[in-house]
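In my numbering, the protein residues as written are 81 to 332. Backbone N, C-alpha and C define an ideal beta-carbon position, used for all residues, glycine too. Bear in mind that the values here come from a model prediction, so they are computed numbers and not experimental data. A short write-up of the structure that comes next.
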């Protein structure tokens with residue numbers, strides 16, 4: 081399966097151009113990370129994919145199906161989204177994940193809905209706090225519940241907006257490792273906005289560099305160069321390998 085964005089542009093009614101001829105693609109079973117400074121247009125790109133904003137030009141397709149032609153309820157079954165700031169109504173973690181079944185629920189929660197959610201808690205190894213109040217969960221636990229809620233939609237695409245921004249160092253690595261595994265296990269398309277460049281090099285399969293509303297370059301993580309960081313962030317950094325893993329070292 082392939083998510084493809086072709087010549088996508090977007091401007092607000094004020095005339096401000098935010099996206100300018102974006103070309104991008106992501107494949108199932110792979111983690112594609114989107115890197116760029118604040119204001120580069122990353123979240124706006126996600127909003128266009130989700131249908132929250134309408135492109136001025138270009139199109140977004142999922143296996144050649146134009147997403148703009150798909151009804152909202154059906155689109156919610158295809159696209160799972162975990163925003164930067166996750167909100168849960170007061171209640172159990174189980175109920176929070178059950179909210180992800182809303183696209184399928186018409187007259188009430190079914191046995192199948194409950195079964196899907198129960199299986200997610202087992203598959204994601206979070207069954208120990210299924211009945212705990214979400215307010216009592218740690219940042220890393222809440223993040224996993226947010227991911228489970230998105231997976232409850234049984235999507236083909238997962239979008240994560242700055243998924244590590246509110247986590248400590250250990251939880252950042254744990255969550256990214258967790259996401260990489262589920263991307264392969266469930267063969268979904270994963271696109272994530274990440275700000276930690278070293279983590280991106282470690283966990284991404286492909287990386288797209290974004291600046292001023294454009295994709296400067298998209299390539300396998302193994303092909304990233306120091307010039308990519310210079311062009312995107314205007315920083316001098318060396319891409320090096322330590323213990324078999326790539327990272328970056330900033331120059332003075």
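Quick one: grab the DSSP three-state call for residue i.
i: residue 204; result: coil
i: residue 192; result: helix
i: residue 284; result: coil
i: residue 147; result: helix
i: residue 139; result: strand
i: residue 242; result: coil
i: residue 215; result: helix
If you follow the alpha helix (DSSP H) that residue i is part of, which residue opens it and which one closes it?
i: residue 48; result: Lying before the first or after the last residue shown, residue 48 is absent from the chain, which here runs from 81 to 332.
i: residue 250; result: 249-265
i: residue 312; result: 306-313
i: residue 226; result: 219-231
i: residue 176; result: 173-178
i: residue 155; result: 152-158
Please list, in chain order, all residues of the same chain as residue i whose beta carbon is under 8 Å from its beta carbon, the five residues on each side excluded.
i: residue 219; result: 246, 247, 248, 251
i: residue 279; result: 244, 252, 253, 256
i: residue 171; result: 213, 214
Following the continuous beta strand (DSSP E) through residue i, name the residue where it begins and the one where it ends.
i: residue 90; result: 82-91
i: residue 297; result: 294-300
i: residue 101; result: 97-107
Going by CA-CA distance only, name the one from the options that's closest to residue i.
i: residue 91; options: 124, 174, 298; result: 124
i: residue 110; options: 103, 96, 263, 194; result: 263
i: residue 100; options: 89, 94, 289, 159; result: 89
i: residue 114; options: 313, 324, 177; result: 313
i: residue 210; options: 192, 175, 226; result: 175
i: residue 86; options: 118, 112, 116, 147; result: 147
i: residue 154; options: 233, 238, 271; result: 233
i: residue 140; options: 119, 102, 169; result: 102
By the 10 Å Cβ neighbour count, where 16 or more other Cβ atoms means buried, how is residue i classified, buried or exposed?
i: residue 137; result: exposed
i: residue 224; result: buried
i: residue 261; result: exposed
i: residue 160; result: buried
i: residue 305; result: exposed
i: residue 128; result: buried
i: residue 309; result: buried
i: residue 144; result: exposed
i: residue 229; result: buried
Leaving aside the five residues before and after residue i along the sequence, list all residues of the same chain whose C-beta is less than 7 Å from its C-beta, in chain order.
i: residue 207; result: 201
i: residue 315; result: 309, 330
i: residue 226; result: 162, 166
Tell me which residues share the same chain as residue i and place their Cβ nearer than 6 Å to its Cβ, disregarding the 5 neighbours each side in the sequence.
i: residue 142; result: 83
i: residue 266; result: none
i: residue 163; result: 241
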